[in-house]
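Structure record follows, encoded as structure tokens.
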């Protein structure tokens, strides 16, 4: 066998499996998505008779993502002819952000009423006052704490 000759004559080199190491492993950046598309195009142009299943498996193992992710990105690219950044779907919306201004004002008045009576407004006292009022939503202690922090009542 010649030194320049390969034992895999005609077949592609298989790169080792790589685990993605990112700060946010849940989302792929646009650059990473474009890299997947470029790999997909390159493999298809090199060997047009390759089955999509094999191509996707190879890309997924090389990049270190799930096959379903590769399929989803390829589908997105075929439909729109481009890749878009991942939408951040935040978690559960904070109760404090859902409170309207009138509710916030009433809670502020409750806190200020403690000061006017020369009482220290502890979180438990304010919470019991807020939860006893039918015109205000029921709040947990942690939600009230976050709200108090937001309006600078530390």
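Residue numbers (our numbering): 9 to 162. Where a beta carbon is used, it is the ideal one built from N, C-alpha and C, also for glycine.
Cα-Cα separation, residue i to residue j
i           : j           : result
residue 141 : residue 161 : 20 Å
residue 48  : residue 55  : 11 Å
residue 133 : residue 144 : 15 Å
residue 85  : residue 42  : 9 Å
residue 101 : residue 50  : 43 Å
residue 146 : residue 121 : 19 Å
residue 125 : residue 99  : 40 Å
residue 139 : residue 35  : 40 Å
residue 106 : residue 95  : 22 Å
residue 123 : residue 131 : 13 Å
residue 108 : residue 97  : 23 Å
residue 135 : residue 148 : 8 Å
residue 29  : residue 57  : Caution is warranted here: a pLDDT of 49 is assigned to residue 29, below 50, making its placement in the model unreliable, and the coordinate value is therefore given only provisionally. For residue 29 and residue 57, the distance between alpha carbons rounds to 32 Å.
residue 93  : residue 83  : 15 Å
residue 127 : residue 110 : 24 Å
residue 46  : residue 61  : 17 Å
residue 89  : residue 63  : 19 Å
8 Å Cβ cutoff met for residue i and residue j
i          : j          : result
residue 38 : residue 71 : no
residue 1  : residue 44 : An answer regarding residue 1 cannot be provided, because it is not within the stretch 9 to 162 covered by the chain.
residue 75 : residue 68 : yes
Member of the options whose CA lies at the smallest distance from the CA of residue i
i           : options             : result
residue 78  : 65, 93 and 98       : 65
residue 150 : 57, 111, 104 and 60 : 104
residue 155 : 73, 57, 83 and 112  : 112
residue 129 : 153, 69, 108 and 57 : 153
residue 40  : 96, 97, 137 and 73  : 73
Problem set entry | Minimum length 4: unbroken alpha helix (DSSP H) runs contained in the segment 33 to 69 | 38 to 54
Problem set entry | Cβ contact check for the segment 148 to 160 and the segment 104 to 123: 3 or more pairs under 8 Å | yes
Exercise. Hey, which unbroken runs of the alpha helix (DSSP H) at 4 residues or more fall wholly within the segment 78 to 148?
Worked result: 103 to 106, 109 to 124 and 131 to 140
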